Amino acid sequence: LQKSEPADSDKVSSKETLVVGFSQVGAESDWRSENTESMKQTFTADNGYELLFEDGQQKQANQIMAVRTFIQRGVDYIVLAPVVEAGWDTVLQEAKDAGIPVIIVDRMVDVADEELYTAWVGSDFQLEGAKASEWINQYLQAKGIHNANIVNIQGTIGATAQIGRTQGLQEACRANSNMTLLAEVPGDFTLPKAKEVMESLLKQYDDINIVYCENDNEAFGVIEAVEAAGKRVGSDIEAGEIMVVSFDGVKKDAMHYVLEDKISCIAECNPMQGPRVQAVIEQLEAGKEPPKFSYVDEEIYVHDETVPSVFVENIEYPVTVVTQDVID
Ligand code: AHR
């Protein structure tokens, strides 16, 4: 896990600015914008960094090109937020050969040799999915609802956030007879795609009880589609409302929707990864070995107190009922 030039151990004192090349997925969601902000606020000139930022526009080819540009420019560190897990071996080998440490953030890479990257910082997406799905199960049990029909608007197929959250729901539907998975459709983590997909799901099924959205922006699109179809979103499934469950917990809109009962539950995905990446770089600069994997802390936000806490694999996760104070 050392940088490939350990002899350069006096780098901190001999060099004033560390150059960090950051290849971001894109700007597909509010979460992504907050994540970009966290990096930009961390890697400032005042903190001793120069940040080279590249927006991949959700295309892996753009991100590979960005990493190659960073290698050519001889940056000190490459930070990569990969759009999907597969397909990184070659370019990460090129970075390794050039002696540039790569820190993966947010989603993971699926590579044959884990030594191709130095460290990873991000979320436990499968746990997020398990928490949201178990909240649904416990909510249905608490209300005495014996069956709910669920549709899943998935994220970008092949992204760790999609894989983990989809898996969490699939496992819960297999384990609990009160949860029926009607359909799984990709929504690309965006509002417009999710809205379009939800419009056609509403035409296809007239008995949808719960929409599991793999991020907040998808939830926004789903809410628009449901309301445009003359139906109501909300937690009162027995009264015919369609329940929306989501991921992220972006401050601006999503938390207000929880307050208003347009979204019933959000499993948080924490975008504030900049300081954690900086901690990894500082450890490397000090000649120490950072942890290979660092998980960010995440909460569960809900509209009401029906489910006091969620149990996943015998671990209790408290829920936070959203009030205006929580948002402020
Ligand atoms: O990988 C994290 C996910 O990507 C967030 O949940 C989503 O909003 C973003 O687009």
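The numbers in mature numbering (1 follows the signal peptide of the UniProt record, and there is no 0) rise by one with no breaks, and the one at position 50 of the sequence shown is 55.
Glycine is no exception: its CB is placed at the ideal position from the N, C-alpha and C atoms.
Computed from a prediction, not measured in an experiment: that's the story for all the values here.
Taking a contact to mean a Cβ-Cβ separation below 8 Å, would you say Met260 touches Val327 in this structure?
yes
Would you say Ile109 faces chain C, with C-beta separation under 8 Å as the test?
Of the protein chains in this structure there is only one, and it is not chain C.
Quick one: give me the first and last residue of the beta strand (DSSP E) that Asp253 is part of.
248 to 253
Hey, which unbroken runs of the beta strand (DSSP E) at 3 residues or more fall wholly within the region 173 to 238?
184 to 191, 215 to 218
Beta-carbon within less than 8 Å of Val17's beta-carbon, same chain only, minus the 5 sequence neighbours each way: which residues are those?
Confidence in Val17 is poor, its pLDDT being 39 and thus under 50, which makes the residue's placement unreliable; the coordinate value appears in the next sentence. So the qualifying residues of the chain are Glu290, Ala291.
If you measure from the CB of Glu33, is any heavy atom of the ligand AHR nearer than 7 Å?
yes
Roughly how far, in whole angstroms, is the beta-carbon of Val126 from the beta-carbon of Ile108, given that I think they are within contact range, below 8 Å?
7 Å
Here's the rule: buried if 16 or more other CB atoms are within 10 angstroms of the residue's CB, otherwise exposed. What is Val324?
buried
Ignore the nearest five residues each way along the sequence and tell me which others in Asp330's own chain have a CB closer than 8 Å to its CB.
Shown here for Asp330: not one same chain residue has a beta carbon closer than 8 Å to its own, the five before and five after excluded.
Run through DSSP, which three-state label would Gly127 get?
strand
Can you tell me where the alpha helix (DSSP H) holding Asn40 begins and where it ends?
Per DSSP, Asn40 belongs to the alpha helix (DSSP H) from 35 to 47.
Write down the C-beta distance between Leu57 and Phe75 rounded to the nearest angstrom, noting that I regard them as a contact closer than 8 Å.
7 Å
Alpha carbons only, please: which of Met113, Phe316, Leu121, Val114 is nearest the one belonging to Ala100?
Closest by alpha carbon: Leu121.
Give every residue of the same chain whose Cβ lies closer than 6 Å to the Cβ of Gln7, excluding the five residues on either side of it in the sequence, and list them in chain order.
Because Gln7 sits at a pLDDT of 32, beneath the cut-off of 50, its placement in the model cannot be relied upon, and the following sentence gives the value as read from the coordinates. Cβ neighbours of Gln7 beyond the five flanking positions: none.
Could you tell me if the beta carbon of Asp60 falls within a distance shorter than 7 Å of some heavy atom in the ligand AHR?
no
Assuming Ser128 and Cys274 form a contact by the criterion Cβ under 8 Å, report the distance between their Cβ atoms to the nearest whole angstrom.
5 Å
At the level of alpha carbons, what is the spacing between residue 1 and Ala71?
For residue 1 there is no data in the structure shown, the boundaries of the chain being 6 and 333.
Express the C-alpha separation of Tyr54 and Asn154 in angstroms, rounding to a whole number.
Here the alpha carbon of Asn154 sits roughly 50 Å from the alpha carbon of Tyr54.
Hey, how far is the Cα of Lys200 from the Cα of Val255?
19 Å
Roughly how many whole angstroms lie between the Cα atoms of Pro11 and Lys293?
In this prediction, Pro11 has a pLDDT of 34, which is less than 50 and means its spatial position is unreliable; what the coordinates show is noted afterwards. Taking the straight line from one Cα to the other gives about 11 Å.
Grouping DSSP H, G and I as helix and E and B as strand, with all else coil, what is Phe75?
Phe75: helix per DSSP, three-state reduction.
Measuring only from the beta carbon, is Arg37 closer than 7 Å to any heavy atom that is part of the ligand AHR?
yes
At which residues does the beta strand (DSSP E) containing Pro295 begin and terminate?
Here Pro295 belongs to no beta strand (DSSP E), and DSSP marks it neither H nor E.
Between the C-alpha atoms of Ile332 and Gly279, what's the straight-line distance to the nearest angstrom?
Rounded to the nearest angstrom, the two C-alpha atoms are 22 Å apart.
Within a Cβ cutoff of 7 Å, which residues of the same chain sit near Val315, ignoring the five residues on either side of it in sequence?
Lys136, Glu139, Trp140, Gln143, Ile305, Tyr322, Val324
State buried or exposed for Lys208, treating a residue as buried only when at least 16 other CB atoms are found within 10 Å of its CB.
exposed
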